[in-house]
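Data first, discussion second: the structure below is written as structure tokens.
Protein chains in written order, with my numbering: chain A, 2 to 245; chain B, 2 to 245.
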């Protein structure tokens, strides 16, 4: 099996955990990363607390190729992501002169301490610049720090997305009117016979068109093709709705 | 400060991590639990893997009052939540006779091994029954196991929600046209002076009506009232949009 790049998404924000604001950023990143061929292995929402942020970042950064954080970036007391990432890597937070210069350029005489605080980053952080974004993305080792405002996160991610592109996944989906209980033994056998392929089974109750969606996914396209052929042989053609 | 009950939500599903299906269950539970006075401290999405499920459940069950799982329940090879919860508590998975009887009643002569597998639960699990749901909610210690189909999760959660009711949170929200950078020092002081109150600051860029939403939250209503009075004294009345 081709080994896909792996990732975790860490969303930082009390407002998400209390349900005051619906989560939209992981909701954007998950399908985008999948399209780029990156396998997200964990998505986590945690509170605005340095210790929680630091623990989640340390754990994810050591296990996955990329970590994307969303939220907790800004000038107020509840913006603790930079401090949390710094602590995760045992790096002090220091003023970055390139960012400070950018703030002075943007704000002119208004560039006071509250604004300059945005130039404080974990020591050794790198700035990922790109055309189309005025403000670079902050990265510390394999951790990319994004703000929580959805429009800004999207424009920043879109500006640097190509650096994450990996071998694409091959996906196939089969819709059938058969009952998931009756499919279960065959699907178990199919999954065992095709270890390179992730075989998923999703029953639906709301929709009339099909009863189960069977999904096949792999980094190895030929493995999906082979599993799909086996699956179609196994299914009742009378009750097959379609292959996607 | 009144200590709120705490909770974690664990969503199990490759289809969420790959972005093929948008997350809807935590999106439903988060505001509902907040209304019930339960503080969700973590929400996590993990793959359909026994080891991942078991690790997340063990960690969350020991740290929080309640754990809610969503997904990975059903008859197919990728339905691994029961196995994962069993492993988290070092309990073997055994057939529950009450559930087996229910399956025989529901399916009659169709009650084969694939269907009876739904009666296999971690040893010592309890069945939380309620009017309005045909199938009880499975609970193992403080872990409540819900299926991933959103309509079913909702009806099951709604049927047993009152058992989680705790002291309600008091919330207040102040909208202002002031700039978040200029508010930052005052908000930091406000948060420090009111340790019982969670003070949040959320700038908006898309909306014209206000520039920053300041939120106050606590289990102690009088603490929110006091912090709100201090906040209003601090803000420029000319640029105040409204209090919610």
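Each residue gets a CB set at the ideal place from its N, CA and C atoms; glycine is no exception. Note that the coordinates shown come from a computational prediction; the quantities given were computed from them, not determined experimentally.
For residue i, the three-state DSSP class (helix, strand or coil)
i: residue 199 (chain A); result: strand
i: residue 1 (chain B); result: Nothing can be reported for residue 1 (chain B), as the shown portion of chain B is limited to 2 through 245.
i: residue 110 (chain B); result: helix
i: residue 2 (chain A); result: In this prediction, residue 2 (chain A) scores a pLDDT of 45, lower than 50, which makes its location untrustworthy; no coordinate-derived value is stated.
i: residue 167 (chain B); result: coil
i: residue 156 (chain B); result: helix
i: residue 207 (chain A); result: coil
i: residue 17 (chain A); result: helix
i: residue 231 (chain B); result: helix
i: residue 22 (chain A); result: coil
i: residue 236 (chain B); result: coil
i: residue 214 (chain B); result: strand
i: residue 223 (chain A); result: helix
Option nearest residue i by Cα separation, candidates the options
i: residue 177 (chain A); options: A:105, A:153 and A:206; result: A:206
i: residue 241 (chain A); options: A:220, A:174, A:194 and A:159; result: A:174
i: residue 8 (chain A); options: A:35, A:139 and A:125; result: A:35
i: residue 182 (chain A); options: B:104, B:32 and B:99; result: B:104
i: residue 74 (chain A); options: A:32, A:90, A:33 and A:49; result: A:49
i: residue 132 (chain B); options: B:165, B:11, B:161 and B:46; result: B:161
i: residue 227 (chain A); options: A:186, A:130 and A:192; result: A:192
i: residue 18 (chain B); options: B:10, B:4, B:45 and B:126; result: B:45
i: residue 89 (chain A); options: A:110, A:126, A:164 and A:41; result: A:126
i: residue 159 (chain A); options: A:141, A:130, A:57 and A:194; result: A:130
i: residue 185 (chain B); options: A:78, A:32 and A:10; result: A:78
i: residue 198 (chain B); options: B:224, B:117 and B:92; result: B:224
i: residue 53 (chain A); options: A:14, A:31 and A:189; result: A:14
i: residue 92 (chain B); options: B:163, B:110 and B:59; result: B:59
i: residue 121 (chain B); options: B:68, B:83, B:235 and B:194; result: B:83
i: residue 230 (chain B); options: B:69, B:145, B:195 and B:62; result: B:195
i: residue 32 (chain B); options: B:188, B:235, B:155 and B:237; result: B:155
Cβ-Cβ separation, residue j to residue i (assumed contact under 8 Å), whole Å
i: residue 6 (chain A); j: residue 39 (chain A); result: 5 Å
i: residue 179 (chain A); j: residue 212 (chain A); result: 7 Å
i: residue 217 (chain B); j: residue 244 (chain B); result: 10 Å between Cβ atoms; not a contact.
i: residue 81 (chain B); j: residue 100 (chain B); result: Actually they do not touch by this definition, with Cβ atoms about 18 Å apart.
i: residue 12 (chain B); j: residue 72 (chain B); result: 6 Å
i: residue 94 (chain A); j: residue 87 (chain A); result: 5 Å
i: residue 153 (chain A); j: residue 43 (chain B); result: So it is not a contact: roughly 25 Å between Cβ atoms.
Own chain partners of residue i with C-beta closer than 8 Å, once the 5 adjacent residues on each side are dropped
i: residue 151 (chain B); result: 25, 26 and 29
i: residue 222 (chain A); result: 171
i: residue 66 (chain A); result: 6, 7, 8, 39 and 143
i: residue 115 (chain A); result: 76
i: residue 210 (chain A); result: 176 and 242
i: residue 248 (chain A); result: In the structure as shown, chain A begins at 2 and stops at 245. Residue 248 (chain A) is therefore absent and cannot be evaluated.
7 Å CB neighbourhood of residue i in its chain, flanking five on each side removed
i: residue 157 (chain B); result: 134, 138 and 147
i: residue 16 (chain B); result: 22
i: residue 246 (chain B); result: Nothing can be reported for residue 246 (chain B), as the shown portion of chain B is limited to 2 through 245.
Close-in-space but distant-in-sequence residues of the same chain around residue i (CB under 6 Å, 5 per side omitted)
i: residue 203 (chain A); result: 214
i: residue 165 (chain A); result: 37 and 39
i: residue 190 (chain B); result: none
Checklist entry - What beta strand (DSSP E) runs, 3 residues minimum, are completely inside the region 118-144 of chain B? => result 121-123, 127-129 and 138-141
Checklist entry - Can you list, in chain order, the stretches of the alpha helix (DSSP H) that have 4 or more residues and sit fully within the region 31-117 of chain A? => result 51-64, 82-89, 98-108 and 114-117
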